[in-house]
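Numbering (the numbering used here), first residue to last: 31 to 977.
So this is what it looks like as structure tokens:
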């Protein structure tokens, strides 16, 4: 049996005298709890100095906290408390177990600067207790004369106390007295004492380190005293410990103790500390093996713990050699050595040994803090031409009414004067500071990633719609998979072909499926979850839930069903953060971490942008305000088509921006239309409705795009350029664009956090699905205007053949309009190429903006703009037969039927809003069908009406 496990039969508990974020995250501490019967953890300033100052584990968190204007001391406190909380949570099952024997505790020490400050110790002890907010934390207080009344007071307050820096027996008696008095004070106050725990930490090896050289010097002089001194070398610490145990047994008996025990009091156990051997002449396990005994604790450094595991021989030795121990202590004065004076010296020296590394840690943190404060965000270079004056005027107007200050105070009047709308605005502004909250969640997420890897998972599939999947797509495509990452697939379509592709491309038994739904009621992710749960259940039976993770808001029905199905983990997000603003929450960061991305650094970059945008006080230019004001004013002056230009490495950033901008601003007949994936052309191709925004990298030349952008700027088009340092700057850009979107909405005077027209398509789809459940098929409302070569065209315009129908449909276009291609198809390189060909032809001939999206993805993205924004769109919807359809478990319909209902439902919603629509049904072969349609379009003559 592992000696660390075997030691429990002697009723001794082994605690670890070490803490560091890495062992909390990578599973090492959990492994020691599980495999080595580890029962608790102690920490001190020297340990934290090595952990924080001597590693880069904390650098991203330090940067984030520094950017929040935290002092070095505040940063240390937050880091230490976070680690202690994390460790407490790992030990909570030990603490809660029926045989916990007073274990499962994690200790956090008050500042060593308070070693002689009673009131300061009390204040900080109470503050730490409340901040950690765990019943299994112990506050470490030094056993100085000033510390004793603090110990009594904290115990009386119901706070667990680890009394540290005990070297002498007389001081130990005073410590026990402080504990008992504190319990009695609490009883007198009518408070319970059954949940209070305390240990008295007796420091050992330092006693021998101090006294052995004195004894050896006397021994070297020879004679009777020399002989006596020689016999005591290496014995004083053990003798002190053994005698302390006898005192312990005397204290916790008798009427006084029995009165407290009757109220449920626990004894204050002795804890052997400083048990790592510091003398190479001695056995490495000297202070472990000899002190094994009932109702004691030994807190052990990592190296000593590992040695004991390999060669420890546990047995009850604590009360062996008591006579010898007593003789050592009795005869020590004969050698001119006053143990009480020497231990008092050790107390002072011990406090110094903690104070010095603490000071060193503060210096290290201050350097890192100053470095963080010098970090700047990527500027946005704006070439605004004739629009500059109007934008400057709007900026001055905002500054005059303290827009930035009101923004951070969630002043809803910045957006609307309607009381109901104001409440909606305030209730969805949780994204403003969610990055600060998520910094604290980083260790939890990273620990989860290690658990997933350790469990043998080889792939991750993120399943959701809209804001639940847009950021994960950007992370997946913009970052290479990290060293500790897993490959990720994203499913955000009900297309049966895509679902089947994913099913066949991943090892189902070894794949982690993330079902992401903010509301917990979104139809698509629940359908995905049910489908793949059924598939995994066929392989793993009742253990299928181990392969599933939920991300949702608290209180949703999905929480209940995921719990019932045994999901591996449920991450509860924040109700006050809307889906399109959730990139920096669990929805974005859990997949990012699983892909191997440093989410701590992502958040640090985001907080850097928060700081630049005025989160912690005015600091000069506000990048979010600048960008949002520019975009809002440009849109009001007709430049409402934001054309995003990116290098290939950022090709999917547009998906995220499309939803953020279109769903936030596209309402009340207003809005900014994001145009993504449209290759840059010559200036002559563009109307006067464009603003071009380039997001790229400092170290990536991208000369072709940059040259064209300069030509466009020279031609009078507004051009905005943002150059990031690296992909981690996406954390900052997500935040910049979220602020900018909210600011642009303030320019328009609309609520950026609602989506009033999205429900229309959902309602229509729900109605159609009820018909499907009743009749078995989707009702067909209209006949095609033309069917040619297997392709059917449905639209309000007429024509004798496909080319004429297409020509008449596009003849409705006016300058300032846009084309929106809605592809309810299986995405593939060939299909992407055909859709781009369609966009290019329309743009070349009509000089209008073109957008494209796969359905039903865009319903949760740009769908709001399509129905609520300006009526300037021409909507071409592609549908297809589904010969290789997939059934949906527990439902009477298939994925294909569901998808077709979504397409028809959205089409009806567009038509109800008087949008110009054309549905092209491509038949059973989508790729051939679209080529047929493109051939017909090529023979049509397209022209635009002048507005």
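Cβ atoms here follow ideal geometry from the backbone N, Cα and C, with glycine treated the same way.
Keep in mind the model is a prediction, meaning the values are calculated, not measured.
Under the rule that 16 or more other beta-carbon atoms within 10 Å means buried, what is residue i, buried or exposed?
i	result
residue 938	buried
residue 251	exposed
residue 650	exposed
residue 64	exposed
residue 709	exposed
residue 690	buried
residue 31	exposed
residue 751	buried
residue 47	buried
residue 801	exposed
residue 647	exposed
Roughly how many angstroms lie between the CA atoms of residue i and residue j, to the nearest whole one?
i	j	result
residue 723	residue 629	26 Å
residue 810	residue 821	16 Å
residue 1062	residue 300	Examination of residue 1062 is not possible in this model, given that the chain is present from 31 through 977 alone.
residue 260	residue 316	18 Å
residue 828	residue 784	37 Å
residue 163	residue 336	31 Å
residue 885	residue 525	8 Å
residue 330	residue 377	20 Å
residue 813	residue 947	14 Å
residue 613	residue 605	14 Å
residue 201	residue 173	7 Å
residue 867	residue 484	46 Å
residue 438	residue 688	25 Å
residue 220	residue 186	11 Å
residue 815	residue 949	10 Å
residue 990	residue 167	Lying before the first or after the last residue shown, residue 990 is absent from the chain, which here runs from 31 to 977.
Among the options, whose alpha-carbon lies nearest the alpha-carbon of residue i?
i	options	result
residue 969	958, 923, 898 and 872	872
residue 760	636, 562 and 735	636
residue 516	537, 459 and 626	626
residue 391	141, 434 and 341	141
residue 686	699, 707, 701 and 700	707
residue 765	844, 247, 501 and 919	501
residue 181	82, 167 and 205	205
residue 475	51, 527, 66 and 243	51
residue 92	924, 223 and 105	105
residue 787	157, 749, 276 and 889	889
residue 551	579, 591 and 575	591
residue 844	616, 546 and 717	717
residue 789	490, 342 and 553	553
residue 799	934, 775 and 679	934
residue 643	509, 434, 283 and 291	434
residue 218	383, 293 and 825	293
residue 572	748, 597 and 740	597
residue 985	675, 705 and 776	For residue 985 there is no data in the structure shown, the boundaries of the chain being 31 and 977.
On the DSSP bridge assignment, give the partners of residue i in chain order.
i	result
residue 99	According to DSSP, which records beta bridges pairwise, residue 99 is partnered with nothing at all.
residue 413	749
residue 908	853 and 950
residue 521	493
residue 726	753
residue 647	645
residue 917	924
residue 883	852
residue 231	301
residue 738	Its beta-bridge partners do not exist; DSSP assigns none.
residue 818	821
residue 434	Looking at the DSSP assignment, residue 434 forms no beta bridge with any residue, so it has no partner.
Any C-beta of chain C sitting closer than 7 Å to the C-beta of residue i?
i	result
residue 922	In the displayed structure, chain C is absent; only one protein chain is listed.
Pair every Cβ in the stretch 410-425 with every Cβ in the stretch 107-116, then say whether three or more of these pairs are closer than 8 Å. By the Cβ rule, the stretch 410-425 does not count as touching the stretch 107-116, because fewer than three pairs are nearer than 8 Å.
Is the stretch 556-566 in contact with the stretch 540-547, if contact means three or more CB pairs nearer than 8 Å? A contact exists between the stretch 556-566 and the stretch 540-547.
Would you call the stretch 227-235 and the stretch 191-203 in contact, with 3 or more CB pairs under 8 Å? A contact exists between the stretch 227-235 and the stretch 191-203.
Between the stretch 743-758 and the stretch 769-781, do three or more beta carbon pairs fall short of 8 Å? No: fewer than three Cβ pairs fall under 8 Å.
Would you call the stretch 793-811 in contact with the stretch 460-471, where contact means no fewer than 3 C-beta pairs closer than 8 Å? By the Cβ criterion, the stretch 793-811 is not in contact with the stretch 460-471, since fewer than three pairs of Cβ atoms, one from each stretch, lie closer than 8 Å.
Would you check if there are 3 or more beta carbon pairs closer than 8 Å linking the stretch 66-85 to the stretch 133-148? Because the criterion of three Cβ pairs below 8 Å is met, the stretch 66-85 and the stretch 133-148 touch.
Taking contact to mean 3 or more Cβ pairs, one atom from each stretch, closer than 8 Å, check whether the stretch 96-105 and the stretch 153-167 are in contact. Taking a cut-off of 8 Å on C-beta distances, the stretch 96-105 does not touch the stretch 153-167, as fewer than three cross pairs fall below it.
When the Cβ atoms of the stretch 675-684 are set against those of the stretch 435-451, are three or more pairs found closer than 8 Å? With a cut-off of 8 Å, the stretch 435-451 and the stretch 675-684 do not count as touching, because too few Cβ pairs lie within range.
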